[in-house]
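Protein chains in written order, with this note's numbering: chain A, 1101 to 1350; chain B, 1101 to 1350.
Below is one structure, written out as structure tokens; the observations come after it.
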DNA sequence: TGAGAACAACTCAAGGTGAGAACAACCTAG
DNA sequence: CTAGGTTGTTCTCACCTTGAGTTGTTCTCA
């Protein structure tokens, strides 16, 4: 039987129910470490575990809108600041037993945000917090969220290579050093400052100069850094490749 | 309200129904052109239009299994040949009005197959055929399938850059020239034969020599080509970048 | 048997990258 | 106020990869 036959004979009331949710892997950088927005579950299953923010898709919204709404609800964010958050679809997860209660297909999304105020606990009874990704073991996470987070992190690392999305972790104006710190944090190892500088300025459309400089030098000295804003490129050509991982044969 | 509240209060019978389907963008190369597996719809909506093979996810199967089942049903393929087809998740499509009948969230998949026999029209009443991708206008396609196909093609082009998946369009043993033809077909422009040869052999784990050669030279002459099989790399380092696209500013 | 085609190897110039050094602007400690 | 350390930015240089073209050999077809 194929789609059209199914649909022709379909009655929602007697078909096995499938729920569709959107979950969000929201990343930000705080104090030099990559953080992740998580919610502590207050009810079974997985009571007391951490879970990704998410919920049902509503009848009138598309998947991206649902994800943005969930993000807004959990961060208390709105308006211009919410609009500056990068949001993209990550992947869908639909193992039959990923949720013990019923069949749930989750469409996971990935978000990059600049450093945000702590989630307002006002709207929701949830405890929503930004946690360093290194502080998590998969045992503390609900459902298959550990796997979703792993996929999100790998996607984030890879996106920094060939898109200018690293700028989405920063304020609209930033220095090259701040941009380098984003790469170092997400990739997890230091980069050569001089080469990074040369590369960023040589890729067309990655950043554009504002003409201005920072008010002060660095906290421990050094000259004032020039300020840049994101350019109009959507893809980096040539890409900024991360150093070759160790050659593990699988 | 969040996920756990929703689920706690959830009764499948009174929640607005959402259907989850899997669709497959299956690509192969025939006669030097990229072909796509499509089904002609025999009933409204979009009667007479072309649609991707797909259907409902069954209660006991995960998303990838559903996609593979749909592919098997439409191609009449099974066993070893089916196992050699590369299948990966592409993206999910869930605009509220993408299907006029009801809310349908489709989890699209992408498949790379070697040249296969024509779909057996036996199992199904459908007319399932391989069509050249260039022969299609979006007007002839049902639902949002034109967009799904576009996304699939772009994903395929990009996957050839940094994975060895081009080999999945070929038989287990192939020549470098056949491999180059895959790249030229998917990317849509000719490559420098000498440089391609050098590059493929220099990337570790891309191909490995079988020691054998073809029985005959090319159809119009030339020496016998050496035969290779896919290596064990899952990622190409360094990648095989496609020539820079024209620098269009968006 | 000769012409044309295709595989495989080579050469060479141009450009990108990794590593290190130079230098000036700036902060803090004393 | 100054010395010493820190940081942003620019250079240099060796190395590697790439694009483009050439050469030599093997093969099919007419």
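No residue lacks a Cβ here, since even glycine has one placed at the ideal position from N, Cα and C.
Predicted model only: the values in this text are computed from it and were never measured.
Q) If you scan the region 1205 to 1253 of chain B from start to end, which runs of the alpha helix (DSSP H) of 4 or more residues do you find wholly inside it? A) Correct list: empty.
Q. Roughly how many angstroms separate the alpha carbons of residue 1309 of chain A and residue 1253 of chain A, rounded to a whole number?
A. On the first chain, residue 1309 of chain A is found 209 positions in, with the first residue counted as 1. On the first chain, residue 1253 of chain A is found 153 positions in, with the first residue counted as 1. For residue 1309 of chain A and residue 1253 of chain A, the distance between alpha carbons rounds to 30 Å.
Q | Presumed contact (8 Å Cβ cut-off) between residue 1212 of chain A and residue 1274 of chain A, rounded CB distance | A | By 1-based counting over the first chain, the position of residue 1212 of chain A is 112. By 1-based counting over the first chain, the position of residue 1274 of chain A is 174. Taking a contact as a CB-CB distance under 8 Å, the pair residue 1212 of chain A and residue 1274 of chain A does not count as one, their CB atoms being some 14 Å apart.
Q: Check residue 1146 of chain A in the structure and name its three-state DSSP category.
A: Sequence index remark: in the first chain, residue 1146 of chain A carries index 46 (1-based). Looking at residue 1146 of chain A - three-state DSSP - the assignment turns out to be coil, as it is neither helix nor strand.
(Q) Here's a check: name, in chain order, each residue in its chain whose Cβ is nearer than 6 Å to the Cβ of residue 1177 of chain A, leaving out the five neighbours to either side. (A) Position 77 of the first chain, counted from the first residue, corresponds to residue 1177 of chain A. Cβ neighbours of residue 1177 of chain A beyond the five flanking positions: none.
Q. What alpha helix (DSSP H) runs, 4 residues minimum, are completely inside the region 1157 to 1202 of chain B?
A. Positions of the alpha helix (DSSP H) runs, each at least 4 residues long and wholly inside the region 1157 to 1202 of chain B, are given as 1163 to 1175, 1179 to 1184 in order along the chain.
Q) With distances taken between CB atoms, is the gap from residue 1156 of chain B to residue 1119 of chain B smaller than 8 Å? A) To locate residue 1156 of chain B, count along the second chain from 1; it is residue 56. To locate residue 1119 of chain B, count along the second chain from 1; it is residue 19. Yes. Within cutoff.
Q) Any chance the region 1142 to 1151 of chain A sits against the region 1175 to 1189 of chain A, with 3 or more Cβ pairs inside 8 Å? A) no
Q) Helix, strand or coil: how does DSSP classify residue 1294 of chain A here? A) By 1-based counting over the first chain, the position of residue 1294 of chain A is 194. Three-state DSSP puts residue 1294 of chain A in a helix.
Q | Beta bridge counterpart(s) of residue 1331 of chain A as assigned by DSSP | A | Taking the first chain and counting its residues from 1, one reaches residue 1331 of chain A at position 231. In DSSP, residue 1331 of chain A forms no bridge with anything.
Q. Would you call residue 1293 of chain B buried or exposed, if buried means 16 or more other Cβ atoms sit within 10 Å of its Cβ?
A. Position 193 of the second chain, counting from 1, holds the residue named residue 1293 of chain B. The residue in question, residue 1293 of chain B, is exposed, as its Cβ has fewer than 16 Cβ neighbours within 10 Å.
Q. What's the call for residue 1103 of chain A, buried or exposed, on a 16-neighbour Cβ count within 10 Å?
A. Working through the first chain from its first residue, we reach residue 1103 of chain A at position 3. Reliability of the predicted coordinates at residue 1103 of chain A is poor, the pLDDT of 48 falling under 50, and no value is obtained from them.
Q) So is residue 1194 of chain B in contact with chain A if we call contact Cβ pairs under 8 Å? A) Residue 1194 of chain B sits at position 94 when you count from the first residue of the second chain. At a cut-off of 8 Å, the C-beta of residue 1194 of chain B has a neighbouring C-beta in chain A.
Q) What is the DSSP secondary structure of residue 1300 of chain A, reduced to helix, strand or coil? A) By one-based count along the first chain, residue 1300 of chain A stands at place 200. Of the three classes helix, strand and coil, the one that applies to residue 1300 of chain A here is helix, per DSSP.
Q: At 8 Å on the CB atoms, spell out the chain B contacts of residue 1203 of chain A, in chain order.
A: Numbered from its first residue, the first chain carries residue 1203 of chain A at position 103. Those are 1159, listed as they occur along chain B.
Q | Extent of the continuous beta strand (DSSP E) run through residue 1130 of chain B | A | Translated into the one-based positions of the second chain, residue 1130 of chain B becomes position 30. Its beta strand (DSSP E) spans residues 1119 to 1130.
Q | Same chain, Cβ closer than 7 Å to residue 1277 of chain A, five either side skipped, listed in chain order | A | Against the first chain, residue 1277 of chain A aligns to sequence position 177. Within the same chain, residue 1277 of chain A has close Cβ partners 1325.
Q | Outcome for residue 1343 of chain A when other beta-carbon atoms lying within 10 angstroms are tallied against a minimum of 16 | A | Here the question's residue 1343 of chain A lines up with position 243 in the first chain. By the 10 Å Cβ count, residue 1343 of chain A comes out exposed.
Q. Should residue 1206 of chain B be labelled buried (16 or more other beta-carbon atoms within 10 Å of its own) or exposed?
A. Position 106 of the second chain, counted from the first residue, corresponds to residue 1206 of chain B. Counting Cβ neighbours within 10 Å, residue 1206 of chain B comes out buried, since at least 16 surround it.
Q. In chain B, what lies closer than 8 Å to residue 1189 of chain A by C-beta?
A. For the purposes of this step, residue 1189 of chain A is taken as the residue at position 89 of the first chain. Neighbours of residue 1189 of chain A on chain B, chain order: 1191, 1192.
Q. What is the DSSP secondary structure of residue 1269 of chain A, counted as helix, strand or coil?
A. For this step, residue 1269 of chain A is matched to residue 169 along the first chain. Helix, per DSSP.
Q. So what does DSSP say about residue 1256 of chain B, is it helix, strand or coil?
A. To locate residue 1256 of chain B, count along the second chain from 1; it is residue 156. If DSSP states are grouped into helix, strand and coil, residue 1256 of chain B belongs with the helices.
Q) What's the C-alpha gap between residue 1285 of chain B and residue 1248 of chain A? A) Along the second chain, read from residue 1 onward, the residue named residue 1285 of chain B stands at position 185. Along the first chain, read from residue 1 onward, the residue named residue 1248 of chain A stands at position 148. Rounded to whole angstroms, the separation of the alpha carbons of residue 1248 of chain A and residue 1285 of chain B is 34 Å.
Q. Taking the alpha carbon of residue 1181 of chain A as the point to measure from, which residue in A:1272, A:1341, A:1319, A:1208 has its own alpha carbon closest?
A. On the first chain, position 81 is the one that residue 1181 of chain A refers to. Ranking the options by Cα distance to residue 1181 of chain A, first place goes to A:1272.
(Q) Is the beta carbon of residue 1234 of chain B closer than 8 Å to that of residue 1165 of chain B? (A) For the purposes of this step, residue 1165 of chain B is identified with residue 65 of the second chain, where counting begins at 1. For the purposes of this step, residue 1234 of chain B is identified with residue 134 of the second chain, where counting begins at 1. Their beta carbons are not under 8 Å apart, which means residue 1165 of chain B does not touch residue 1234 of chain B by this criterion.
Q) Taking a cut of 7 Å between CB atoms, which residues from the region 1249 to 1265 of chain A lie near chain B? A) The residues in question: there are none.
Q: Please state if the CB of residue 1255 of chain A and the CB of residue 1210 of chain A are separated by a distance shorter than 8 Å.
A: What you label residue 1210 of chain A is simply residue 110 of the first chain in a count that begins at 1. What you label residue 1255 of chain A is simply residue 155 of the first chain in a count that begins at 1. Their beta carbons are under 8 Å apart, which means residue 1210 of chain A touches residue 1255 of chain A by this criterion.
Q: Check whether the Cβ of residue 1301 of chain B lies closer than 8 Å to any Cβ atom in chain A.
A: Here residue 1301 of chain B refers to the residue found at position 201 of the second chain. No, no contact with chain A.
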